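Structure first, commentary second.
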Amino acid sequence: MTLVLFDYGNVISLDQDPGDVARMAAGVTGFAERYWAPRLDFDRATLGPRDYWSLVLGRPVSGAELDRIVALDVASWSRINEETAAIVAELGASGVPMALLSNAPVCVADGIEPLAALAPIGPRFFSGRMGMVKPDPEIYLRVVAELGVRPEDVVFVDDRRENIEGAERAGLTGVHFTDAATLRDDLKPVMR
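Be aware that the sequence shown starts at 1, since it is given in my numbering, and climbs by one per residue.
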């Protein structure tokens, strides 16, 4: 039986909310570059929230300010792509096994995991809890081992080509997400 392994960001969720991003940036020049350059270290938990946000903002951040910025970061990733969520719900209703693999720091994982759109998805794997990130093939192999399935029985859906390539190097079938309509066509072979 085929298992569908979903990415979260820009697949189940929409892109970050621009208003939340502007509030996180708080006037910092080059915020987008500063946000993304160390993000994989944050996602794999080699940087904690205080160190990550201090690096991004170029000054020490802690206490209530840190809590506010972390909450904005979580909120920025919490807008659901309703069309993809409908596909997830259909797959769940038809008994297709699903799991989630997302590059997300622990604080973001804790914030998004309770979202209703994820309810049909079984095991959820977040890089911050695993200490490794996509596209390293090892993360896919670990997920497959924990799920007790063979790599060739997993279809991995992600919006980033490098993550698809990492999954394919680990033996999974990759589906490059561009939009929900295309995803529905791509998943027809596994939809019942």
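We treat Cβ as the ideally placed atom computed from N, Cα and C, and that holds for glycine. Bear in mind that the values here come from a model prediction, so they are computed numbers and not experimental data.
| Asked | Found |
| --- | --- |
| Taking the straight line between their C-alpha atoms, what separation do you get for arginine 161 and proline 97? | 23 Å |
| By a C-beta neighbour count over all protein chains shown, 10 Å radius and 16 as the cutoff for buried, is lysine 188 buried or exposed? | exposed |
| Would you mind giving the Cβ-Cβ distance between serine 102 and aspartate 7, rounded to the nearest angstrom? I have them listed as a contact below 8 Å. | 6 Å |
| With the cut-off set at 9 Å, would you say glycine 131 and alanine 99 are in Cβ contact? | no |
| Is the stretch 67–75 in contact with the stretch 83–92, if contact means three or more CB pairs nearer than 8 Å? | no |
| Note down the Cα distance separating alanine 180 from threonine 84, rounded to an integer number of angstroms. | 5 Å |
| Can you look up alanine 99 in the DSSP assignment and give me helix, strand or coil? | strand |
| Excluding the 5 residues flanking serine 62 on each side, which residues of the same chain have their C-beta closer than 6 Å to its C-beta? | Arg50 |
| List, from N- to C-terminal side, the alpha helix (DSSP H) runs of 4 residues or more that fit wholly inside the stretch 81–149. | 82–93, 106–112, 127–130, 137–147 |
| Relative to the C-alpha of arginine 129, which candidate in Arg79, Tyr35, Ala37, Asp43 has its C-alpha closest? | Asp43 |
| Can you name, in chain order, every residue of its own chain whose Cβ lies under 6 Å from the Cβ of cysteine 107, other than the five neighbours on each side? | Pro49, Val70 |
| At what residues does the alpha helix (DSSP H) containing phenylalanine 31 begin and finish? | 31–36 |
| Please report the distance separating the alpha-carbon of valine 4 from that of asparagine 81. | 17 Å |
| Short of 7 Å in beta carbon distance, which residues of its chain neighbour glutamate 138, apart from the five on each side in sequence? Order them along the chain. | Met132 |
| With phenylalanine 6 as the anchor, note down where its beta strand (DSSP E) starts and where it stops. | 3–6 |
| Quick check: what's the CA-CA separation for valine 154 versus leucine 172? | 5 Å |
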